[in-house]
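For the sequence shown, this note's numbering begins at 18 and goes up steadily by one.
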Amino acid sequence: MEGSTCICNNNRAPTHLDPFGHHLTTGCSCGGYRHRLHDDVKYEVNSLIRYAGFRTRLEESNILNQILPGVRTDDVNKRTDISIFNHDGVHQRTLLDVCIPSSVRFRNGRMDTSALDVGKSAARAHQTKISKYGDACRNHGFGFKTIIVESSGYVHGDTCSFLLSLAKSCAVEKNLSVQTLYNFFLGSVSVTLQRGLANAIVGKYHYVTGHGNVENGSSIDRVVQSLADRVC
Ligand SMILES: [Zn+2]
């Protein structure tokens, strides 16, 4: 895989694939795999919220474009990821935005190793989302929370707090300890992410090698073997 390039920057400097698969999973939108990974986590979190006893709706339209001041072009058709209807008894809905940021950055097509600090990308994504939607939601009677998991597997603190609150809300009804439920929720998100990452790495590598320029030849078997070698 090392030495291969992605097809996302064909007209500029080629983006070299990093040895950990971050670019293949969340580095660019080629092949739709980043979007698929985002949706995998979204559906799993929605399932956990419903398991905890809350009513939800996915991708509700006509909320964000009504509450955001001076609707920007890219927000006109934007939908919420998850809406919770009976979450806290205060807001008419709590809106959740799911984000799976890449743990690494690329400069001039190569991985910037100085950006490998765990949690840095998650913190940046959280701040961006809060700045963009936090006040707007609050001013219109909506709650707002982020669900952020880095491609490294790091889960943002506010996401952990949200999952813990879910566990606390249903522990008595489920006759399970809060810790057991919290571990289950966190583990479910982690497994979903890892499964999505694996699918994205293999699928996107196939997509890239089928349409792009890859040095040293390639095959899915080599990718899988390369990943297995790194895990073992
Ligand atoms: Zn790319």
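Virtual Cβ for every residue (Gly too), placed ideally from N, Cα, C.
Whose beta carbon lies closer than 6 Å to any heavy atom of ligand 1, going through the chain in order?
-> Any residue whose Cβ sits closer than 6 Å to a heavy atom of ligand 1 makes the list: Cys23, Cys25, Thr32, His40, Gly44, Cys45, Cys47.
Of all the options Asp175, Val172, Leu198, which has the alpha carbon lying nearest to the alpha carbon of Ser186?
-> Residue numbering aside, residue 186 sits at position 169 when the sequence shown is read from its first letter. Its Cα nearest to that of Ser186, the residue Leu198 stands out among Asp175, Val172, Leu198.
Identify whether Phe161 lies in helix, strand or coil by the three-state DSSP scheme.
-> Start at 1 with the first residue of the sequence shown, and residue 161 comes out as number 144. In the displayed model, Phe161 falls within a strand according to three-state DSSP.
Residues bridged to Ile99 (per DSSP) | Residue 99 sits at position 82 when you count from the first residue of the sequence shown. Ile99 is bridged by DSSP to Leu75, Leu113.
May I have the straight-line CA-CA distance separating His33 from Leu193, to the nearest angstrom?
-> In the sequence shown, the residue the question calls residue 33 occupies position 16. In the sequence shown, the residue the question calls residue 193 occupies position 176. CA-to-CA, the gap between His33 and Leu193 works out to about 47 Å.
Can you name the start and end residues of the alpha helix (DSSP H) that Asp56 belongs to?
-> Numbered from 1 along the sequence shown, position 39 holds the residue referred to as residue 56. Residues 50-68.
Return the Cβ separation of Asp98 and Lys146 in integer angstroms, given the expectation that the two are a contact with Cβ distance under 8 Å.
-> Residue numbering aside, residue 98 sits at position 81 when the sequence shown is read from its first letter. Residue numbering aside, residue 146 sits at position 129 when the sequence shown is read from its first letter. With a Cβ gap of about 11 Å, Asp98 and Lys146 do not count as contacting.
In three-state terms, what does DSSP make of Phe201?
-> Taking the sequence shown and counting its residues from 1, one reaches residue 201 at position 184. DSSP places Phe201 in the helix class (H, G or I) of the three-state scheme.
Could you tell me if Ala142 is buried or exposed, where buried requires 16 or more neighbouring beta carbons within 10 angstroms of its beta carbon?
-> In the sequence shown, residue 142 corresponds to position 125, counting from 1. Result: buried.
For Asp35, does the three-state DSSP call read helix, strand or coil?
-> Translated into the one-based positions of the sequence shown, residue 35 becomes position 18. Judged by DSSP in its simplified three-state form, Asp35 adopts coil rather than helix or strand.
May I have the straight-line CA-CA distance separating Asn252 from Lys95, to the nearest angstrom?
-> The requested residue 252 is not part of the displayed model; the chain covers only 18 to 249.
For the alpha helix (DSSP H) that Asp152 lies in, which residues bound it at each end?
-> As a position in the sequence shown, residue 152 is number 135, starting the count at 1. 152-156 is the extent of the alpha helix (DSSP H) around Asp152.
Stretch-stretch touch, CB-based, cutoff 8 Å, three pairs: the stretch 100-120 with the stretch 216-223 | Touching, no, given that fewer than three Cβ pairs across the two stretches are closer than 8 Å.
What are the boundary residues of the alpha helix (DSSP H) that includes Asp175?
-> Position 158 of the sequence shown, counted from the first residue, corresponds to residue 175. In the DSSP assignment, Asp175 falls within the alpha helix (DSSP H) that extends over 174-191.
If you draw a straight line from the alpha carbon of Ser168 to that of Leu210, how long is it in whole angstroms?
-> Walking along the sequence shown from the start, residue 168 turns up at place 151. Walking along the sequence shown from the start, residue 210 turns up at place 193. Inter-residue distance for Ser168 and Leu210 is about 8 Å (C-alpha atoms, whole angstroms).
Of the residues Arg124, Cys23, Ser148, Ser119, the one placed nearest Asp134, counting alpha carbons only | Translated into the one-based positions of the sequence shown, residue 134 becomes position 117. With distances taken between Cα atoms, Asp134 lies closest to Ser119.
Sequence-distant residues of its chain with Cβ nearer than 7 Å to Gln109 (five each side left out) | Indexing the sequence shown from 1 puts residue 109 at position 92. Within the same chain, and ignoring the five residues on either side of Gln109 in sequence, the residues whose Cβ sits closer than 7 Å to its Cβ are Gly158, Phe159.
Residue from Asn156, Ile80, Tyr68 with nearest C-alpha to Val107 | The count along the sequence shown starts at 1 and reaches residue 107 at position 90. It is Asn156.
Going by Cα to Cα distance, which pick from Val225, Ala188, Ile84 is closest to Asp152?
-> For this step, residue 152 is matched to residue 135 along the sequence shown. When Val225, Ala188, Ile84 are compared, the shortest CA-CA separation from Asp152 is found for Ile84.
Since Cys47 and Ile24 are thought to touch, with beta carbons under 8 Å apart, how far apart are those beta carbons, to the nearest angstrom?
-> Residue numbering aside, residue 47 sits at position 30 when the sequence shown is read from its first letter. Residue numbering aside, residue 24 sits at position 7 when the sequence shown is read from its first letter. Yes, they are in contact, since the Cβ atoms of Cys47 and Ile24 sit about 6 Å apart, within 8 Å.
In chain order, what residues of the same chain have a beta carbon less than 6 Å from the beta carbon of Tyr150, not counting five sequence neighbours either side?
-> For the purposes of this step, residue 150 is taken as the residue at position 133 of the sequence shown. Contacts found: Phe161.
Sequence-distant residues of its chain with Cβ nearer than 6 Å to Gly38 (five each side left out) | Your numbering for residue 38 matches position 21 in the sequence shown. Excluding sequence neighbours, Gly38 sits near Ile218.
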